[in-house]
Amino acid sequence: MNAVQGKKRVLILSEGFGAGHTQAAYALAVSLEKRCTNIETRVLELGTFLHPTIAPWIFQAYKKTLTASPKLYGRLYRSQYKKSLNRLTQLALHRIFYAQTAEIIRNWAPQAIVCTHPFPSVVVSRLKRAGLAIPLCTVITDYDVHGTWVSREVNKYMVSTEDVKNKLLGRGIAAAQVEITGIPVHPSFREAHDKAKIRQQFQLAAMPTVLVMGGGWGLIGGDSLSEHLVTWRDRVQFIFCLGNNAKTLAKLAADDRYQHPNIRLLGFTPDIDKLMEVSDLLVTKPGGMTCSEGLAKSIPMLFYDPIPGQEEENVLYFTEQGFGEPIRSADTIANWLTMLVSRYTDVQARRVWNYRQRMNMPSADCSEVILQVLG
317 MNAVQGKKRV LILSEGFGAG HTQAAYALAV SLEKRCTNIE TRVLELGTFL
367 HPTIAPWIFQ AYKKTLTASP KLYGRLYRSQ YKKSLNRLTQ LALHRIFYAQ
417 TAEIIRNWAP QAIVCTHPFP SVVVSRLKRA GLAIPLCTVI TDYDVHGTWV
467 SREVNKYMVS TEDVKNKLLG RGIAAAQVEI TGIPVHPSFR EAHDKAKIRQ
517 QFQLAAMPTV LVMGGGWGLI GGDSLSEHLV TWRDRVQFIF CLGNNAKTLA
567 KLAADDRYQH PNIRLLGFTP DIDKLMEVSD LLVTKPGGMT CSEGLAKSIP
617 MLFYDPIPGQ EEENVLYFTE QGFGEPIRSA DTIANWLTML VSRYTDVQAR
667 RVWNYRQRMN MPSADCSEVI LQVLG
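Residue numbers for the sequence shown follow the working numbering, beginning at 317 and rising by one.
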């Protein structure tokens with residue numbers, strides 16, 4: 317854990333409940349080191365790092381709860397919406413993480429700690445109440461704020477929107493502690509890529525293209541969604557990204573309907589930024605990270621199967637801003653694909669204009685805020 321001599325160190329802590337929290341952590345690490353050569357970062361999924369045997373079981377149980385009982389998860393989310401973690405959960409986190417986290421911090425001696433998930437933020441907040449003097453920054457990775465994120469020990473909150481900031485102010489957090497920065501995305505999502513090279517890499521045609529993403533765990537909506545989409549395969553090119561869901565990937569690959577020149581089936585890929593570059597529409601679960609990446613790429617979005625709670629709030633925000641629309645019926649898909657096919661050139665031109673407009677918009681940035689905290 318020895319740090320590079322003379323560099324300022326930033327410890328970024330996440331958790332493995334979905335991929336978005338950790339993607340935000342790595343995006344922030346890349347942005348910090350790109351912006352300032354005198355910064356050294358370390359990203360840890362705290363539970364996985366400290367308890368590599370137990371953590372996968374916990375994450376799998378969480379995933380099963382979301383897929384099998386989303387309404388139950390939604391009720392729990394809403395019932396605890398304005399509350400911090402209950403005492404039993406805080407005690408569990410204390411016993412599992414507290415001493416070991418303190419040791420990590422002592423050994424690596426960061427000048428700032430950043431959390432992109434509420435659990436490590438709770439742990440570090442407790443350490444600060446016990447005397448830890450290192451600044452704590454927390455990045456809220458959705459377009460809403462649950463009570464579990466809220467702690468007065470956080471020195472600086474970085475949030476997606478003014479609405480999220482106002483919710484924090486309403487819960488007693490001082491305005492000086494909150495900065496509107498957006499959710500950090502990898503710098504590559506803010507760069508233009510060579511479309512011809514990308515199409516050659518993935519054997520894609522220059523035609524109306526839809527990117528279908530299933531979330532960090534490879535969750536694709538019910539069979540009716542993908543089956544309805546592929547009825548357009550003669551007019552629209554589809555890229556299905558199924559993440560780590562090897563079972564669904566194999567199932568679709570064995571289905572004759574998906575064995576078509578205009579359909580690409582992919583598992584986990586690090587090239588989502590490139591695939592968004594050559595796509596004209598994103599069909600996705602409304603995770604905060606994916607939505608933010610789509611926003612950076614100026615790609616219109618259709619949302620399916622939002623997790624009750626934070627993903628419903630994400631859908632609400634992006635719909636109100638005109639960046640996307642929930643899939644309410646087959647007609648929603650038909651309307652968008654009809655427009656995409658009939659107005660393909662116009663859709664591409666509008667994306668370029670939107671991209672340029674957003675790149676010229678002045679805004680705060682997570683890495684800037686952290687550099688200010690470092691002094």
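Yeah, the Cβ is synthetic: ideal placement off N, Cα and C, and Gly gets one too.
In this text the structure is predicted, and so the values were computed from the model without any measurement.
Quiz prompt | In DSSP terms, what Gly640 is bridged to | solution = Met617
Self-check item: Euclidean distance between Cα positions of Ser437 and Thr564
Solution: 34 Å
Quiz item: By DSSP, does Ala431 sit in helix, in strand, or in coil?
Solution: Reading off the sequence, residue 431 comes out as Cys, not Ala. It is a strand residue.
Self-check item: Candidates Cys453, Glu469, Ser476 and Asn471, of which the one nearest Val461 by Cα
Solution: Ser476
Quiz item: Among residues of its own chain, excluding the 5 on either side of Ala428, which ones have a beta-carbon nearer than 7 Å to its beta-carbon?
Solution: Val326, Ile450, Pro451, Cys453, Ile686, Val689 and Leu690
Practice problem: Evaluate contact between the segment 493-513 and the segment 588-596, counting only Cβ atoms and requiring at least three cross-stretch pairs below 8 Å. | Solution: yes
Quiz item: The beta strand (DSSP E) spanning Phe554 covers which residue range?
Solution: Gln553 to Cys557
Quiz prompt | Among Thr457, Gln416, Cys431 and Asn423, the one whose alpha carbon lies nearest that of Glu609 | solution = Thr457
Exercise. Note down, one range per segment and in chain order, each alpha helix (DSSP H) of at least 4 residues found wholly within the segment 496-550.
Key: 511-518 and 539-546
Quiz item: Since Leu656 is in the alpha helix (DSSP H), which residue starts that stretch and which ends it?
Solution: Ala646 to Ser658 is the span of the alpha helix (DSSP H), which, as asked, contains Leu656.
Exercise. Please name the residue or residues paired with Cys453 in a DSSP beta bridge.
Key: Val430 and Lys472
Quiz prompt | Proximity of Lys387 and Ile355 at Cβ, strictly below 8 Å | solution = Not closer than 8 Å, so no.
Practice problem: Indicate whether the contact test is met: 3 or more Cβ pairs, each with one atom in the segment 577-585 and one in the segment 549-563, closer than 8 Å. | Solution: yes
Self-check item: Proximity winner among Thr585, Ile328 and Tyr342, relative to Phe518 (alpha-carbon distances)
Solution: For Phe518, the nearest C-alpha among the options comes from Thr585.
Quiz item: By DSSP, does Arg325 sit in helix, in strand, or in coil?
Solution: strand
Self-check item: C-alpha distance - Ala570 paired with Val546, whole-angstrom precision
Solution: 14 Å
Quiz item: Do you know offhand how far His544's Cα is from Leu558's?
Solution: 17 Å
Exercise. With DSSP collapsed to three states, give me the class of Glu356.
Key: In this structure, Glu356 counts as strand in the three-state DSSP scheme.
Practice problem: Could you give the DSSP three-state label for Glu331: helix, strand or coil? | Solution: coil
Practice problem: Would you kindly work out how many angstroms separate the C-alpha atoms of Trp669 and Thr364, rounded to a whole number? | Solution: At Trp669, the pLDDT of 47 sits below 50, so the modelled position is not reliable; the number obtained from the coordinates is stated separately. Each residue's alpha carbon lies about 42 Å from the other.
Exercise. Please work out which residues of its chain come closer than 7 Å, Cβ to Cβ, to Cys352, disregarding the five sequence neighbours upstream and downstream, and give them in chain order.
Key: Closer than 7 Å at the Cβ level, and outside the excluded window around Cys352, lie Leu687.
Quiz item: Out of curiosity, what's the CA-to-CA distance linking Pro642 and Pro624?
Solution: Going by the C-alpha atoms only, they are around 13 Å apart.
Quiz item: Is the beta carbon of Lys481 less than 8 Å from the beta carbon of Ile496?
Solution: yes
Quiz item: Using a threshold of 7 Å, is the CB atom of Gly363 nearer than that to any non-hydrogen atom of the ligand GDP?
Solution: In terms of ligand content, the structure shown is empty, and the ligand GDP therefore cannot be addressed.
Self-check item: Cβ distance (whole Å) where Ile499 is taken to contact Gly583 below 8 Å
Solution: About 25 Å; that fails the 8 Å criterion.
Quiz prompt | According to DSSP, residues forming a beta bridge with Arg580 | solution = Ile555
Quiz item: Can you name, in chain order, every residue of its own chain whose Cβ lies under 7 Å from the Cβ of Lys757, other than the five neighbours on each side?
Solution: The shown model of the chain, from 317 to 691, leaves out residue 757, and the question about it has no answer.
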